[in-house]
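Reading through the structure tokens given below for one structure.
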Amino acid sequence: MDHSIRRLPDRLRGTEEGRATERLLGRAFADDPVWSWLVRGRRSAERAGRVLLEYAQGQVDRGGQVWVTAHGEAAAVWVPPGTPPTRNVDLLRLLPRVLRPLGPGGLLRLAPLAETDRHHPREPHWYLSVLGTDPDHQGRGFGGALVTPFVARADDEGVGCYLESSKEANVPFYRRFGFEVTEVLHVDRGRGPDLWLMWRDPR
450 MDHSIRRLPD RLRGTEEGRA TERLLGRAFA DDPVWSWLVR GRRSAERAGR VLLEYAQGQV
510 DRGGQVWVTA HGEAAAVWVP PGTPPTRNVD LLRLLPRVLR PLGPGGLLRL APLAETDRHH
570 PREPHWYLSV LGTDPDHQGR GFGGALVTPF VARADDEGVG CYLESSKEAN VPFYRRFGFE
630 VTEVLHVDRG RGPDLWLMWR DPR
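Here the sequence shown is numbered in my numbering, starting from 450 and rising by one per residue.
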């Protein structure tokens, strides 16, 4: 089984690799509590994939990197230390591209979800912004292949790692790599899903 990974080009929109990543992320997050809450109704997985690709492109535009496994079983978005924080203007630029797949209701739910940025650690760290594995390939080590080299790199650089898990069931997976829950965030004052904020100290 091939667990090698590769970095995608910085331009994702309108490319075949971008479309493949969009399909992958839509399938990976089809049953995710956050994305099920954010994108509702018909063809929700397809629409979530579109929003996730735009989000990934936004992270790349500010310095992030999209990595995938050799045959597209899983994808991750990693944002390196020193990357400027997300600004309101970044979100405003994203809105025209996500308005249609989100719909008016999803757009309203996006605002309280964006509040998670206020909980972002201030010290230098690698940020695992997105990690998704196609349901047909889960449990085969593809997700781990997209985590292991980056926590090792963080250790070499002497910096931490941070993520927000949208599924409590995934917390043990991240703990295997040294992440620990620092806070459980109740989105939209408990009207939305929970997020498990996780931090990993360098070793």
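The beta-carbon is built from N, C-alpha and C at its ideal position, and this holds for glycine as well.
Beta carbon of residue i nearer than 7 Å to that of residue j
i: Arg558; j: Leu487; result: yes
i: Gly590; j: Pro651; result: no
i: Leu580; j: Ala618; result: no
i: Val528; j: Tyr576; result: yes
i: Ala494; j: Ala479; result: yes
i: Val515; j: Leu457; result: yes
Assigned secondary structure, residue i (DSSP; H/G/I helix, E/B strand, else coil)
i: Asp585; result: helix
i: Arg455; result: strand
i: Asp643; result: strand
i: Leu557; result: helix
i: Thr565; result: helix
i: Leu487; result: helix
i: Val596; result: coil
i: Leu461; result: coil
i: Arg602; result: helix
i: Arg476; result: helix
i: Thr532; result: coil
Test: residue i CB closer than 7 Å to a CB of chain D
i: Pro533; result: Going by chain labels, chain D is absent from the structure shown, which holds only one protein chain.
Nearest residue (CA-CA) to residue i, options the options
i: Arg496; options: Phe478, Leu461, Val483 and Pro550; result: Pro550
i: Glu503; options: Thr532, Thr518, Gly463 and Gly588; result: Gly463
i: Glu522; options: Ser615, Gln508 and Ser453; result: Ser453
i: Arg460; options: Arg489, Gly475, Gly513 and Ser485; result: Gly513
i: Leu474; options: Ala505, Pro458 and Arg456; result: Ala505
i: Trp645; options: Thr532, Ala594, Arg492 and Pro482; result: Pro482
i: Phe626; options: Pro642, Val596, Ser615 and Lys616; result: Val596
i: Gln565; options: Pro534, Glu465, Pro530 and Ala601; result: Checking the displayed sequence, the identity of residue 565 turns out to be Thr instead of Gln. Nearest of Pro534, Glu465, Pro530 and Ala601 to Thr565, Cα basis: Pro534.
i: Arg571; options: Ala601, Gly531, Arg546 and Ala563; result: Gly531
i: Thr582; options: Thr631, Pro458 and Glu471; result: Glu471
i: Glu629; options: Ala560, Gly555, Ala594 and Ser614; result: Ser614
i: Gly607; options: Gly641, Arg649, Thr518 and Asp643; result: Arg649
i: Thr518; options: Arg602, Gly593 and Tyr611; result: Gly593
i: Val633; options: Arg511, Tyr623, Arg624 and Met647; result: Met647
DSSP beta-bridge partners of residue i
i: Ala525; result: Trp516 and Leu580
i: Gly609; result: His574
i: Arg546; result: Its beta-bridge partners do not exist; DSSP assigns none.
Cβ-Cβ separation, residue j to residue i (assumed contact under 8 Å), whole Å
i: Leu562; j: Val636; result: 6 Å
i: Asp585; j: His520; result: With a Cβ gap of about 11 Å, Asp585 and His520 do not count as contacting.
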